[in-house]
Every structure is written in structure tokens, then in C-alpha cells.
Amino acid sequence: MLVKTSRRRFFKKRSELNILRSDPLRSSEKMSSTFSGDETAPFFGFLGAAAALVFSCMGAAYGTAKSGVGVASMGVMRPELVMKSIVPVVMAGVLGIYGLIIAVIISTGINPKAKSYYLFDGYAHLSSGLACGLAGLSAGMAIGIVGDAGVRANAQQPKLFVGMILILIFAEALALYGLIVGIILSSRAGQSRAE
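Numbered according to the UniProt record's numbering, the sequence shown spans residues 1 to 195.
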């Protein structure tokens, strides 16, 4: 009885060794059939989504904080102009939405199990996120500085309101350019595959 069980263990271990020897080939075949793109490509794609959201929100936060300081200091002198002076804060807050849009577009485009995701796609998504995020950051800095100075100047000279709004629109346009370029670059992902 002892000899039979030890013999079974021996053959069982030997068959396990044969399975282990042939298993890497089988597992690589399975892996190549489910994920034929480059393995690091999704990292760059998700990095682009994170960059779009983080940098845009940093710009929105800076613009909101800087403009909010101007509104608060102006509200002490002219409290009746506070609601009219909220415009820079609202325009700065829109920048975060631009980053959110690009981050959602990028993250829905990354699905390596449904289709191959190559390094070209990851780089396209990374550049898309960086374009939108850094444009949003620079626009937020511009909106914050213009909003702070413009709101304080508007409290002393109400005729400056239209000029302040025009400058804010041109500063917001920087982020809009980044959003447009981000959408174009994100749509380039997937064009590396031979159709």
C-alpha cells in the first residue's frame, strides 16, 4: 500500500513538472491572443488622463483662489459689486470641466481586452492629456491674475468691467485651444492599427 501511494506521488509530481515545462508557451499564447499591444501602453494612456484632470484642476484652483482673494478684498469696499465680480471665479471653475472631459475620453479609449492598445495609442493619449492639462493650468493662472486685478480695479472704476471680461475671455480661450487639440490627439489613438 505504501509503495502504491509513493509511486502515485512520483508520477503525479513528474506529470506536474511536464505541465510546468510546457505551460509558459501556452500562457504566452493565451496572453498574446488577449493582449497583443505593448504592455506599457496603458500606463501612458492613463498617465495622460491623470495629467489632463490634475493640471486642469490645478489651474482652476489657482484661478479660483486668486480671483476669490480679489473678490473678498473688493467686497469690503463695495459689497454691492460682489455678485457681479464672481465672473472670474466661474470662468476659472470651467477649466476643471475641460480636463474632466478629456480624462473621460481617454479612459474610455483604453480597453486592451476589447482591442489591441499599442504604444502609439498610449503616446497619443498622453499628449492629449498634457495638451489639455497644461493649457488649462496656464489659462487658470492668467484668469486668476486678471481676475484679481480686474475685480479690484472694477471697484474703483466701473467702466473697466467690459475690458476685464474681454481679457478673461481671451484667457479662457487658451484652455479651449488645449481642449480642442486634446480631442484631436485623442482621436488619433487607434490609427496605428492596419484596418
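All residues carry an ideal CB built from backbone N, CA and C; glycine is no exception. Keep in mind that this is a model prediction, so the values were computed, not measured.
Could you check the C-alpha separation between ALA52 and GLY133 for me, to the nearest Å? Distance between the alpha carbons of ALA52 and GLY133 is about 4 Å.
Alpha-carbon spacing of LYS66 relative to LEU174, whole angstroms: Whole-angstrom Cα-Cα distance: 18 Å.
Less than 8 Å between the CB atoms is what I'm expecting for ILE110 and GLY182, so what's the real figure, rounded? With 8 Å as the limit, ILE110 and GLY182 do not qualify as a contact, their Cβ atoms being about 15 Å apart.
Is SER107 closer than 7 Å to ALA49 when the C-beta atoms are compared? Yes, the Cβ-Cβ distance between ALA49 and SER107 is below 7 Å.
Please classify VAL162 as buried or exposed, where buried requires at least 16 neighbouring CB atoms within 10 angstroms. Around the beta carbon of VAL162, a 10 Å sphere encloses fewer than 16 other beta carbons of the protein chains shown; the residue is thus reported as exposed.
Mind checking residue 196: buried by the 16 CB within 10 Å criterion, or exposed? There is simply no residue 196 to check, as the chain begins at 1 and stops at 195 in what is shown.
On the CB-based measure, 16 or more other CB atoms within 10 Å of its CB, does ILE184 come out buried or exposed? By the beta-carbon neighbour count (other beta carbons within 10 angstroms, threshold 16), ILE184 is exposed.
For the alpha helix (DSSP H) holding GLY190, just list the boundary residues, first then last. Looking at the DSSP string, GLY190 is not in any alpha helix (DSSP H), and its letter there is neither H nor E.
Status (buried if at least 16 other CB within 10 Å, exposed otherwise) for SER32: For SER32, the predicted model reports a pLDDT of 49, less than 50, meaning its position is unreliable and no value from the coordinates is stated.
So, under 8 Å CB-CB, THR64 and VAL89 are touching, yes? Tell me the CB distance rounded to an integer number of Å. Contact between THR64 and VAL89 holds: their C-beta atoms lie close to 5 Å from each other, under 8 Å.
If contact is defined by three or more beta carbon pairs under 8 Å, each pair taking one atom from either stretch, is the stretch 144-153 in contact with the stretch 115-131? The stretch 115-131 vs the stretch 144-153: no contact.
Taking 7 Å as the cut-off, decide whether the C-beta atoms of GLY99 and GLY136 are in contact. In this structure, GLY136 lies closer than 7 Å to GLY99 by Cβ.
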